[in-house]
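Numbering (full-length UniProt numbering), first residue to last: 1 to 684.
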Amino acid sequence: MKLYIAEKPSLGKGIAEYLPGPKSKGNGFIQCGSETVVTWCFGHIFEQEEPDFYTPDDVPTTPKGKKKWRFEELPIFPEQWKKRAKDDAKAQIKVIRDLLKKASSVVNAGDPDREGQLLVDEVLEELRWKGPTQRIWLAALDEQSVRKALASLKDNQDYQNLRDSAESRARADWLMGMNLTRAFTLRNSGAGVVSVGRVQTPTLALVVARDEKIEHFKPKDYYVPRINAGFWATWELREDFEGVDVEDYLTDRKAADRLVSRAKADGKASVKDFTCAEKQQQAPLGFSLAELQKVCSAKLGMSAQNVLDAAQALYEEHKAATYPRTDCRYLPEEQHGDAGQILSGLAKAGFADLVKAADSNRKSAIWNTGKVTAHHAIIPTGSMQGSMRPAVAKVYEIIVRSYLAQFYPPYMYRAIRAILTCTGEDWKATANIPVSAGWKAVYGMTDDDNDDTPAQPIPALKKGQVLTVQDADVQAKQTKPPARFTDGSLIEAMSNIHKVVVDEAAKAKLKETSGLGTEATRASIIETLLTRGFLERKGKQILSTQAGRALVHALPKALTDPVLTARWEDALSSVSEGRVTLQQFEEAQRKFVVRMIEAAKATTVAVGQTRPTSGAGRGKSSAVKTRGRMQKVGPSCPACKKPTIILKTKKGDAFCKCEGCQSCWWPDKQDARKLGTKWSEKKT
1 MKLYIAEKPS LGKGIAEYLP GPKSKGNGFI QCGSETVVTW CFGHIFEQEE
51 PDFYTPDDVP TTPKGKKKWR FEELPIFPEQ WKKRAKDDAK AQIKVIRDLL
101 KKASSVVNAG DPDREGQLLV DEVLEELRWK GPTQRIWLAA LDEQSVRKAL
151 ASLKDNQDYQ NLRDSAESRA RADWLMGMNL TRAFTLRNSG AGVVSVGRVQ
201 TPTLALVVAR DEKIEHFKPK DYYVPRINAG FWATWELRED FEGVDVEDYL
251 TDRKAADRLV SRAKADGKAS VKDFTCAEKQ QQAPLGFSLA ELQKVCSAKL
301 GMSAQNVLDA AQALYEEHKA ATYPRTDCRY LPEEQHGDAG QILSGLAKAG
351 FADLVKAADS NRKSAIWNTG KVTAHHAIIP TGSMQGSMRP AVAKVYEIIV
401 RSYLAQFYPP YMYRAIRAIL TCTGEDWKAT ANIPVSAGWK AVYGMTDDDN
451 DDTPAQPIPA LKKGQVLTVQ DADVQAKQTK PPARFTDGSL IEAMSNIHKV
501 VVDEAAKAKL KETSGLGTEA TRASIIETLL TRGFLERKGK QILSTQAGRA
551 LVHALPKALT DPVLTARWED ALSSVSEGRV TLQQFEEAQR KFVVRMIEAA
601 KATTVAVGQT RPTSGAGRGK SSAVKTRGRM QKVGPSCPAC KKPTIILKTK
651 KGDAFCKCEG CQSCWWPDKQ DARKLGTKWS EKKT
């Protein structure tokens, strides 16, 4: 029997649909004919053991039975890593174990990335499978893509480096998170847990730095002299001009006024140079996940996580788009032949008018096999299953229009540039006049749209031609601070970490290789920081909280520096490419953790922790201040007699938590002034 093990039920059902033979559903699997079975995980069904597993049995315990955090046990370095079955996955693990006993071969059907590779591999390792194993690589779940992938299974051993890369990442996150969170919390004079993460901490530092830059920003007045010679032309700034500062702003109002006064008095301007050239602009490249999140954040106001969820639904549920967790914006040239079929499917999906004007033979810059990484850009499949939720449909439309734009002509425009001379100074005017909408028609622009054209278009001019200065003025302006982060712009900053680096050599290297986190993890990192109260949302903006700022300022720069973490991501890429081993990467992480624990011992920390209550990052009014913010007070804890605080679950249900022993209770249904069932007892 051949056993397919998928990452999740939806993926398993998508594969089973196109396997030969009659289908019959079992408990946690699908039988396909007599010799093939498809089963599945629910994401990771095994997880790393907790630190308590590796520490001595004589460590004192808390009232909850957990071992106390002490420097004596740090660093916690597993001699042999152990994983345990998740409680809610034990039934499905038994299903997989029983099926493996009957299997003659296995197919790893994890998502086509490093995490998907490990997710199924670790199941096989924990259940001690030693038989032949293949890998199916599914870039999309439409019928054509699945059948093509089924016909080209690979040896799972070919993906060992990818598995090791995911394992390296998981161990690095555990080593840093478990050890350094404990170390800095033990040095914290506040009541909060000092949560430290390999990616989350430098991401938080990005937001803190941006917020503080905005708050410390002092606007600067500057001036822009202009003349009107039938069209407005702006003075060409000179560094040696009196009144121009080191940042190349004209900050002297009197100097600006003198320029326009002399221009008015002279009354003439001669044409020093004039160019009018027809130019073209190709359609934007396809979507990586980061680019899709950026666009959807700007156009739809969606969070990064919501965009990922929508893209994942398009891939898994609706079979309407390709694999979403990609960092690539290109397509392999070999797939260009599929364009006609995809366009035909899009015509049936409601885009017939746009498809009619598309040319499936056109090859834009998106088709470049040499620039395709493990996954190509996110594109529609031309297929569709089920009914989409409104938010998913909006993301789908953005993906579809991006793909359709590749089969339209370039956007054509006339670029006009005029340099005038008046009183010995140069004055410049530019304009871009649309000629042909090309691919912009996909987004609603027509040939008649002149949105980039000034109110007074620049006429054809000849060099040496003399024009009359009809008017002159000075525009008073102010410098502006950088914008607050949104989901989209924070994802972009994480993806393009080189933009925040000052050192030019490091900037060049990081531009080629590095990002902060990966396409698959960035959204969840932001949500984690929101959930823990270190970030908060205000409309579309993402801001740091006081606790978030205190945390960043308390930690060593090595933990908050985004560049260092980006370089760790480079090292993980080296593991996936076989240039660095898992053991070498882990050893480097262990040495780093040791240094940071020593740094913690010499550090004094004073960090509280904000607590969001309903919706990531949203606070609430309250009665008492605890862990850095105000919280509603609940009944006293019967164990340690300290007051509880009232929080909410993800579903919005209220519960009480003791700030002393960390125990949790549900409120009494008859009397809100009393505690009801203890949380652990109710779950049992």
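Ideal Cβ positions, reconstructed from N, Cα and C, are used throughout, including at glycine.
The beta strand (DSSP E) enclosing residue i, as first and last residue numbers
i	result
Thr275	Lys268 to Gln281
Arg84	Lys83 to Ala85
Ser24	Lys23 to Gly26
Thr421	Tyr411 to Cys422
Ser105	Ser105 to Ala109
Asn361	Element bounds for Asn361: n/a, residue is neither H nor E.
Of the residues the options, the one placed nearest residue i, counting alpha carbons only
i	options	result
Arg262	Asp473, Leu582, Thr644 and Ala16	Asp473
Gly564	Gln31, Thr201, Ala109 and Glu17	Here the sequence assigns Leu to residue 564, which means Gly is not the residue at that position. Among Gln31, Thr201, Ala109 and Glu17, the Cα nearest to that of Leu564 belongs to Thr201.
Lys319	Trp679, Asn27 and Ala393	Ala393
Val193	Glu586, Ala588, Met178 and Asp668	Met178
His216	Glu167, Ala357, Pro482 and Asp426	Pro482
Gln662	Asp671, Asp668, Ile645 and Thr649	Ile645
Pro635	Thr649, Thr581, Lys648 and Pro667	Pro667
Trp174	Gln92, Glu49 and Pro63	Glu49
Leu530	Gln470, Ser303, Ala508 and Arg84	Ser303
Pro638	Gly676, Asp252, Lys648 and Thr603	Gly676
Phe184	Ala554, Pro22, Ala209 and Asn368	Ala554
Ala550	Ile214, Gln670, Ala191 and Pro22	Ala191
Ile214	Lys480, Gly116 and Leu559	Lys480
Ala599	Gln144, Lys86 and Arg187	Arg187
Val123	Lys154, Glu143 and Lys86	Lys86
Integer-rounded CB distance, given that residue j should sit under 8 Å from residue i
i	j	result
Lys294	Gly548	With a Cβ gap of about 22 Å, Lys294 and Gly548 do not count as contacting.
Ser574	Arg114	So it is not a contact: roughly 13 Å between Cβ atoms.
Pro75	Ile597	6 Å
Pro60	Lys68	5 Å
Ala149	Leu138	5 Å
Trp568	Arg171	Between Arg171 and Trp568 the Cβ distance is about 12 Å, and since that is not below 8 Å, they are no contact.
Val95	Gly28	4 Å
Met1	Val38	Not a contact, Cβ separation roughly 11 Å.
Pro284	Leu259	With 8 Å as the limit, Pro284 and Leu259 do not qualify as a contact, their Cβ atoms being about 39 Å apart.
Ala566	Leu516	5 Å
residue 694	Trp439	Residue numbering for the chain in the displayed model covers 1 to 684; residue 694 lies beyond these limits and cannot be assessed.
Spatial distance of residue i from residue j (CA atoms)
i	j	result
Lys254	Val593	59 Å
Asp653	Pro219	46 Å
Leu354	Tyr396	15 Å
Ala623	Met494	At Ala623, the pLDDT of 34 sits below 50, so the modelled position is not reliable and the matter cannot be decided from this model.
Phe241	Tyr223	13 Å
Ile497	Ser168	22 Å
Val400	Ala109	27 Å
Ala89	Arg97	12 Å
Lys683	Cys664	The predicted position of Lys683 is uncertain, since its pLDDT is 41 and thus under 50; no value can be drawn from it.
Glu536	Glu291	22 Å
Arg84	Gly43	14 Å
Leu572	Thr521	14 Å
Ser10	Glu317	7 Å
Ala6	Val307	23 Å
Cβ shell of residue i (< 7 Å), same chain only, five flanking positions each side left out
i	result
Gln341	Gly382
Ser360	Ala339, Gly340, Leu343 and Phe407
Gln282	Ser364, Ala365 and Pro410
Glu492	Ala290 and Lys294
Arg590	Phe77 and Leu175
Start-to-end residues for the alpha helix (DSSP H) that takes in residue i
i	result
Gly345	Ala339 to Leu346
Pro202	Gln200 to Glu215
Gln662	Careful: Gln662 lies outside any alpha helix (DSSP H) and carries neither H nor E.
Gln144	Glu143 to Leu150
Asp164	Gln160 to Leu186
Lys90	Lys90 to Lys102
Close beta carbons around residue i, own chain, < 6 Å, minus the five adjacent residues each side
i	result
Asp121	Arg163
Thr322	Ala139, Ala140, Ile378 and Ile379
Leu180	Val196 and Met596
Asp471	Asn228
Leu300	Lys394
Val107	Tyr4, Gln134 and Ile136
Lys82	Glu49
Gln31	Ser24 and Val37
Neighbourhood of residue i by C-beta, 8 Å cutoff - its chain only, sequence neighbours within 5 removed
i	result
Gln541	Arg484, Phe485 and Thr486
Leu420	Ile227, Ala229, Ala233, Ala269, Ser270, Val271, Lys272, Asp426, Trp427, Lys428, Ala429 and Leu467
Thr326	Ser288, Leu289, Thr373, Ala374, His375, His376, Ala377, Ile378 and Glu519
Pro112	Trp137, Leu138, Ala139, Tyr323, Ala374 and His375
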